[in-house]
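What follows is a set of notes on a single structure, which appears directly below.
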Amino acid sequence: MPAVSSPAIVLSTVAYGETSKIARLATRALGVVSVIAKGARRPKSRFGAALQALSEGAASIIPARSSDLHTLASFDVERVHSGLAAQVDRFATASVLGELMLRCAPHHGPPETYDFFRHALDVLEAVPSDAVGVIGLRTIWGLVGQLGYTPRLEHCVRDGVPVPLDRPAAFSAALGGVLCDRCARGLDTSRLEPADRRDLATLVAGDADLPDLDDRYLAAHRRLVDRYVRHHLAEGAALPALAFWLDHSWAPAP
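For the sequence shown, the working numbering assigns the number 623 to the last residue and increments by one with no breaks.
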């Protein structure tokens, strides 16, 4: 079959045999795919050091006829995103995005999902240190939405009735959004004050000024998105990058 050329970002690699690697790539043309890079571990491999996690480039992929493991003919690196490694929380957030793409993005997903992922890495690499926490939340919620799981924040997820924005509301990570008082009875929910729901709506929508969240509120929003992702996207799989991002908090670099 003819090779398919596509922008791509490396999500992960593992050794295969004595000389090769298997890589998972997020691609614009094919979605998330598994490829074998034959001879990638040889000292004089044509891949060199190209297949580093989160490196971005142009991939040439030969589709397999009867399996999900394709052949990587070439990968020309265009960007390494080295700035993400300069600050732990930048890299931790980027790793969460990569993990969501790796574990949750569909095969043959829409190119818009790849575009959002790529843009999110660019943003995380460029924002000031003291904005990484809230920008990280916005990018994670944004990718969750791109994957089709935007939470419902204005109407009850059970019966569809409007939930007033000027009153506290119950939020169910398991059910996917806010609940009216009647539907919330007896359920395990989080209480969102009006300001909290406005902040969450801003993070989810990604089209307004960022909310001003102190460390306590950042931690609360991290816990909320963690519960949401595990209910709707993880399907029981371990998500070590998300766990690391949730359990660690870093002061902005001086």
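Just so it is clear, CB atoms sit at the ideal spot from N, CA and C, and this is done for glycine as well.
Assuming residue 508 and residue 462 form a contact by the criterion Cβ under 8 angstroms, report the distance between their Cβ atoms to the nearest whole angstrom.
-> Counting from one through the sequence shown, the residue named residue 508 turns up at place 139. Counting from one through the sequence shown, the residue named residue 462 turns up at place 93. Residue 508 to residue 462, Cβ: 7 angstroms. Contact.
Please confirm if the segment 448-456 is in contact with the segment 429-439, defined as three or more CB-CB distances below 8 angstroms between the two stretches. no
query: CB-CB under 7 angstroms to residue 409, same chain, minus the five flanking residues each way: which ones, in chain order?
result: Here residue 409 refers to the residue found at position 40 of the sequence shown. 389, 390, 416 and 420.
Do you know offhand how far residue 373's Cα is from residue 427's? The sequence position of residue 373 within the sequence shown is 4, counting from 1. The sequence position of residue 427 within the sequence shown is 58, counting from 1. Rounded to the nearest angstrom, the two C-alpha atoms are 10 angstroms apart.
Point to revise | Segments of 4+ residues assigned as alpha helix (DSSP H) that fall wholly inside the segment 518-553 | key: 550-553
Q. Chain B beta carbons: is any one of them nearer than 9 angstroms to that of residue 447?
A. Of the chains in the structure shown, none is chain B; there is only one protein chain.
Among 589, 370 and 474, which one has its Cα closest to the Cα of residue 513?
Stepping through the sequence shown from its first residue, residue 513 is reached at position 144. Looking at the Cα atoms, 474 is the closest of the given residues.
My assumption, with CB atoms under 8 angstroms, is that residue 526 sits in contact with residue 538. Please give the rounded CB distance. By 1-based counting over the sequence shown, the position of residue 526 is 157. By 1-based counting over the sequence shown, the position of residue 538 is 169. Their Cβ separation, rounded to whole angstroms, is 11 angstroms, which puts residue 526 and residue 538 out of contact at 8 angstroms.
Just verifying my parser: in three-state terms, what is the DSSP assignment at residue 560? In the sequence shown, the residue the question calls residue 560 occupies position 191. Note: residue 560 maps to strand in three-state DSSP.
Under a Cβ-count criterion, where at least 16 other Cβ atoms within 10 Å of its own Cβ denotes burial, should residue 401 be classed as buried or exposed? Residue mapping note: residue 401 aligns to position 32 of the sequence shown, counting from 1. With 16 or more other Cβ atoms within 10 Å, it is buried.
(Q) Comparing C-alpha positions only, which one of 469, 587 and 570 sits nearest to residue 380? (A) Position 11 of the sequence shown holds residue 380. Looking at the Cα atoms, 469 is the closest of the given residues.
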